[in-house]
Amino acid sequence: MTKHIALKTAIPGPRSQELMRARQAAVPRGPYNITPLFIARGEGAVLEDVDGNRYLDFAGGIGVLNTGHAPKSVVRAIQQQAEKYIHSCFHVTMNEPYIRLAEVMNRITPGSFQKKTFFANSGAEAVENAVKVARNFTRRSAIVCFEDAFHGRTLLAMSLTSKVHPYKDHFGPYAAEIHRMPFSYCYRCPWGKRYPGCNIECGTFLEDFFKRYVDPASVAALIVEPVMGEGGFIMPPQEYYPILVNICRKYDILVIADEVQTGFGRTGKMWACEHWGIEPDILIASKSIAAGLPLSSITGRAEIMDAPMEGSLGGTFGGNPVACAAGLAVLDVLEEDGLPARARRVGEHFLAALRSLQDRRPLIGDVRGSGLFLGIELVRDRTTLEPATDEAAYVVERLRERGVLTGTDGPFHNVLKLRPPLVFSEDDTDLLVDRLDAVLAEDAASR
Ligand SMILES: Cc1ncc(COP(=O)(O)O)c(C=O)c1O
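Numbering (our numbering), first residue to last: 5 to 451.
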């Protein structure tokens with residue numbers, strides 16, 4: 005595989021090359037690029053680059069485009085709002101789209117209790133705010149999070165994020181009072197057990213954790229991605245969250261569901277929490293909320309959300325009216341086009357096709373996820389589970405050359421991540437399976 009490691013990313017055409025030179029001169033390397041492409045336009049599931057190449061977009065701008073590229077009714081809502089006013093700052097003069105979107109979020113998030121919502125600009129900012137609210141309400145400071153979690157790149161969010169390279173290296177000191185426990189990663193079970201004969205030790209371990217690592221009386225909240233995204237598309241078994249939530253309830257610890265990636269139908273239900281029937285105290289969302297305009301939401305039980313005093317929460321741009329108008333239009337599209345159900349149907353077809361590919365291609369160790377939030381874990385050996393990291397990078401490159409955009413995730417960068425717009429059809433997913441099969445055949449032949 006060494007020749008694959010040496011593989012240089014091919015830059016597709018003269019216009020991209022010109023822009024890449026300008027990018028390298030003007031922009032530091034820290035803000036990374038997983039492809040050398042510059043987008044010219046996008047429509048539905050298809051992205052076109054500045055050299056006229058067209059790609060089937062399984063990356064969706066990191067899971068942002070549940071309603072596809074530039075959905076017409078959302079574009080119209082953005083235009084109409086921008087013609088009236090673009091900004092007012094919610095703290096100076098309030099705007100109606102903010103209030104209406106808050107009402108919708110309160111209605112559609114899990115739990116029949118009274119809720120309140122406020123808005124910020126990004127997933128990381130939503131994480132920061134959820135933790136602020138939880139600490140203020142409980143008057144406790146500790147937060148429990150998970151191995152392989154990803155919660156963003158600001159100081160607190162980065163501290164909650166697990167992966168060291170590239171997210172944390174040399175960016176310390178990190179925020180205090182963060183306690184990390186292993187997650188329910190069945191394929192690489194931290195307890196070396198096999199489901200279902202494992203007694204869900206990963207869940208009941210929380211009681212041990214409170215004896216050995218942190219006093220539950222000091223814990224404000226447990227924060228979790230219901231289906232772990234950047235950590236490798238990990239979907240815990242059915243018993244897991246009810247166990248965790250019950251333990252949290254016993255110690256008056258709040259549960260924060262980070263649905264930044266998994267929300268808005270991505271996993272085949274509006275919220276991933278619904279797969280386990282759990283009702284978090286605070287749910288944060290972002291990514292697909294406004295079809296690509298920067299926006300995030302923090303929704304929670306009314307009494308919790310009202311704890312911080314007036315003036316203690318907010319920011320200049322949070323809940324921008326154009327983004328909120330886009331958010332309202334996105335929710336209409338999701339509902340009218342039945343996109344969560346579509347994600348479930350197309351996702352089942354996709355998962356079955358990938359599992360049958362797994363039978364033929366030994367590099368595929370595991371295929372998992374739900375709806376159109378699927379991961380393919382590549383391993384060199386199905387017994388030792390040695391991560392096939394270089395092979396995964398190779399597959400992503402070869403797929404791009406065949407007009408399919410994907411990426412890698414997971415602690416070992418060996419999980420192919422598939423989170424396309426929910427407007428994808430079975431034909432679109434079949435195309436990926438065919439092309440992946442061809443790339444894996446080529447890889448096998450080259451060894
Ligand atoms: C689960 C989760 N939380 C938080 C974030 C951070 O969001 P943002 O990049 O908008 O700050 C992400 C981003 O990928 C995420 O996947």
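Glycine included, every Cβ here is placed at the ideal spot set by N, Cα and C.
Report task. To the nearest angstrom, report how far apart Asp385 and Pro366 are at their CA atoms. Result -> Taking the first residue of the sequence shown as 1, we reach residue 385 at position 381. Taking the first residue of the sequence shown as 1, we reach residue 366 at position 362. Taking the straight line from one Cα to the other gives about 8 Å.
Query raised in the report: Tell me which same chain residues have a C-beta within less than 8 Å of the C-beta of Pro298, skipping the five on either side of it?
Result: On the sequence shown, position 294 is the one that residue 298 refers to. Asn125, Ser126, Phe321, Asn324, Ala327, listed in sequence order.
**Report entry** the region 264-282 contacting the region 50-60, beta-carbon criterion three pairs below 8 Å
**Finding:** Because the criterion of three Cβ pairs below 8 Å is not met, the region 264-282 and the region 50-60 do not touch.
Query - Nearest-angstrom Cα separation, counted from His353 out to Gly233 - result: Residue mapping note: residue 233 aligns to position 229 of the sequence shown, counting from 1. Residue mapping note: residue 353 aligns to position 349 of the sequence shown, counting from 1. Between the alpha carbons of Gly233 and His353 lies a gap of roughly 21 Å.
**Report entry** Alpha-carbon to alpha-carbon, Ser301 and Leu444
**Finding:** The residue labelled residue 444 in the question sits at position 440 within the sequence shown. The residue labelled residue 301 in the question sits at position 297 within the sequence shown. Taken atom to atom, the span from the alpha-carbon of Leu444 to that of Ser301 is near 40 Å.
Requested in this report: Tell me whether Gly65 counts as near ligand 1, meaning its Cβ is closer than 7 Å to at least one heavy atom of that ligand.
Outcome: Locating residue 65 in the sequence shown gives position 61, where the first residue counts as 1. Taking the Cβ of Gly65 as the reference point, every heavy atom of ligand 1 lies at 7 Å or farther away.
Query - CB contact flag (Gly272, Pro344, <8 Å) - result: Locating residue 272 in the sequence shown gives position 268, where the first residue counts as 1. Locating residue 344 in the sequence shown gives position 340, where the first residue counts as 1. Result yes, Cβ atoms of Gly272 and Pro344 sit closer than 8 Å.
Query raised in the report: When you compare each of Thr433, Asn140, Asp394, Glu390 to Arg192 by their alpha carbons, which one comes out closest?
Result: Numbered from 1 along the sequence shown, position 188 holds the residue referred to as residue 192. Arg192 has its Cα closest to that of Glu390, out of Thr433, Asn140, Asp394, Glu390.
Report task. Tell me Leu391's beta-bridge partners as DSSP assigns them. Result -> The count along the sequence shown starts at 1 and reaches residue 391 at position 387. Reading the sequence as shown, one finds Pro at residue 391 and not Leu. According to DSSP, Pro391 bridges with Val383.
Query raised in the report: To the nearest angstrom, how far is it from the Cα of Glu243 to the Cα of Ile103?
Result: Sequence index remark: in the sequence shown, residue 243 carries index 239 (1-based). Sequence index remark: in the sequence shown, residue 103 carries index 99 (1-based). When only Cα atoms are considered, Glu243 and Ile103 end up about 36 Å apart.
Report task. Grab me the residues of Ala356's own chain with a C-beta within less than 6 Å of its C-beta, minus the 5 sequence neighbours each way, in chain order. Result -> Sequence index remark: in the sequence shown, residue 356 carries index 352 (1-based). Excluding sequence positions up to five before and after Ala356, its CB lies less than 6 Å from no other CB in the same chain.
Query raised in the report: Looking at Ala128 and ligand 1, is the gap between the Cβ and the nearest heavy atom below 7 Å?
Result: Stepping through the sequence shown from its first residue, residue 128 is reached at position 124. Indeed, a heavy atom of ligand 1 lies less than 7 Å from the Cβ.
Query raised in the report: Are at least three pairs of beta-carbons, each pair with one atom in the region 139-154 and one in the region 217-227, less than 8 Å apart?
Result: As far as the Cβ criterion goes, the region 139-154 touches the region 217-227, which means the pair count is three or higher.
Query raised in the report: Taking just the CA atoms, how far does Leu403 sit from Ala330?
Result: Locating residue 330 in the sequence shown gives position 326, where the first residue counts as 1. Locating residue 403 in the sequence shown gives position 399, where the first residue counts as 1. Taking the straight line joining both Cα atoms gives about 32 Å.
Report task. Could you check how far apart the C-beta atoms of Val337 and Thr71 are, in whole angstroms? I think they sit under 8 Å. Result -> In the sequence shown, residue 337 corresponds to position 333, counting from 1. In the sequence shown, residue 71 corresponds to position 67, counting from 1. At roughly 5 Å, the Cβ-Cβ gap stays under 8 Å, so Val337 and Thr71 are in contact.
Query raised in the report: Quick one, are the C-beta atoms of Pro220 and Ile182 less than 8 Å apart?
Result: By 1-based counting over the sequence shown, the position of residue 220 is 216. By 1-based counting over the sequence shown, the position of residue 182 is 178. It is not a contact, given that the beta carbons lie outside the stated cut-off.
Query raised in the report: What three-state label does DSSP hand Ala63 in the structure shown?
Result: By 1-based counting over the sequence shown, the position of residue 63 is 59. In the structure shown, Ala63 sits in coil (DSSP, three-state: anything other than H, G, I, E or B).
Requested in this report: Please confirm if the region 412-427 is in contact with the region 369-388, defined as three or more CB-CB distances below 8 Å between the two stretches.
Outcome: Contact holds: three or more Cβ-Cβ distances are below 8 Å.
Query raised in the report: When you compare only the Cα positions, how much space is there between Glu107 and Arg143?
Result: The residue labelled residue 107 in the question sits at position 103 within the sequence shown. The residue labelled residue 143 in the question sits at position 139 within the sequence shown. Rounded to whole angstroms, the separation of the alpha carbons of Arg143 and Glu107 is 28 Å.
Report task. Check the C-beta distance from Ile204 over to Ile247 and give it rounded, since I have them as a contact under 8 Å. Result -> Mapped onto the sequence shown, residue 204 falls at position 200. Mapped onto the sequence shown, residue 247 falls at position 243. Contact between Ile204 and Ile247 holds, since their C-beta atoms are separated by about 6 Å, short of 8 Å.
**Report entry** Whole-angstrom distance between Ile380 and Val371, CA atom to CA atom
**Finding:** Walking along the sequence shown from the start, residue 371 turns up at place 367. Walking along the sequence shown from the start, residue 380 turns up at place 376. Straight-line Cα distance between these residues: approximately 5 Å.
**Report entry** C-beta contact flag for Thr303 and Asn110 at 8 Å
**Finding:** For this step, residue 303 is matched to residue 299 along the sequence shown. For this step, residue 110 is matched to residue 106 along the sequence shown. Between Thr303 and Asn110, the C-beta gap is smaller than 8 Å, which places the two residues in contact.
Query raised in the report: Taking DSSP as the reference, what is the three-state secondary structure of Asp447?
Result: Position 443 of the sequence shown holds residue 447. Of the three classes helix, strand and coil, the one that applies to Asp447 here is helix, per DSSP.
Query raised in the report: If you measure from the CB of Val131, is any heavy atom of ligand 1 nearer than 7 Å?
Result: Taking the sequence shown and counting its residues from 1, one reaches residue 131 at position 127. For ligand 1, at least one heavy atom lies less than 7 Å from the Cβ of Val131.
Requested in this report: Return the CA-CA distance between Gly166 and Val218, expressed in angstroms with no decimal places.
Outcome: As a position in the sequence shown, residue 166 is number 162, starting the count at 1. As a position in the sequence shown, residue 218 is number 214, starting the count at 1. One point to set straight first is that residue 166 is Ser, not Gly, in the sequence displayed. Straight-line Cα distance between these residues: approximately 18 Å.
Requested in this report: Measure the alpha-carbon distance for Leu332 versus Lys197 and round it to whole angstroms.
Outcome: The residue given as residue 332 occupies position 328 in the sequence shown. The residue given as residue 197 occupies position 193 in the sequence shown. Rounded to the nearest angstrom, the two C-alpha atoms are 45 Å apart.
Report task. Could you pull out every unbroken alpha helix (DSSP H) segment of at least 4 residues lying fully inside the region 259-313, listed in chain order? Result -> Listed in chain order, the complete alpha helix (DSSP H) runs (minimum 4 residues) inside the region 259-313 are 306-309.
Query raised in the report: What three-state label does DSSP hand Thr433 in the structure shown?
Result: Taking the first residue of the sequence shown as 1, we reach residue 433 at position 429. Helix.
Report task. Inspect the beta-carbon positions of Asn418 and Thr412 and report whether they are closer than 8 Å. Result -> Locating residue 418 in the sequence shown gives position 414, where the first residue counts as 1. Locating residue 412 in the sequence shown gives position 408, where the first residue counts as 1. Remark: C-beta atoms of Asn418 and Thr412 approach each other more closely than 8 Å.
Query raised in the report: Based on Cα-Cα distance, which residue from Gly34, Arg270, Glu22, Leu60 lies nearest to Phe42?
Result: The residue labelled residue 42 in the question sits at position 38 within the sequence shown. Nearest option by C-alpha distance: Glu22.
Query - Distance between Val79 and Gln85 (C-alpha atoms, nearest Å) - result: In the sequence shown, the residue the question calls residue 85 occupies position 81. In the sequence shown, the residue the question calls residue 79 occupies position 75. For Gln85 and Val79, the distance between alpha carbons rounds to 10 Å.
Query raised in the report: Between the C-alpha atoms of His95 and Ala138, what's the straight-line distance to the nearest angstrom?
Result: The sequence position of residue 95 within the sequence shown is 91, counting from 1. The sequence position of residue 138 within the sequence shown is 134, counting from 1. Between the C-alpha atoms of His95 and Ala138 there is a straight-line separation of about 22 Å.
Query - Whole-angstrom distance between Ala295 and Lys88, CA atom to CA atom - result: Counting from 1 along the sequence shown, the entry for residue 88 is found at position 84. Counting from 1 along the sequence shown, the entry for residue 295 is found at position 291. Rounded to the nearest angstrom, the two C-alpha atoms are 20 Å apart.
Query raised in the report: To which residues does DSSP link Asp413 through a beta bridge?
Result: For this step, residue 413 is matched to residue 409 along the sequence shown. In DSSP, Asp413 forms a bridge with Val419.
Query raised in the report: Tell me which same chain residues have a C-beta within less than 6 Å of the C-beta of Ser450, skipping the five on either side of it?
Result: Locating residue 450 in the sequence shown gives position 446, counting from the first residue. Result list for Ser450: empty, nothing under 6 Å.
**Report entry** Residue environment, Asp394, which counts as buried when at least 16 other CB atoms sit within 10 Å
**Finding:** Within the sequence shown, residue 394 is the residue found at index 390, counting from 1. Counting Cβ neighbours within 10 Å, Asp394 comes out buried, since at least 16 surround it.
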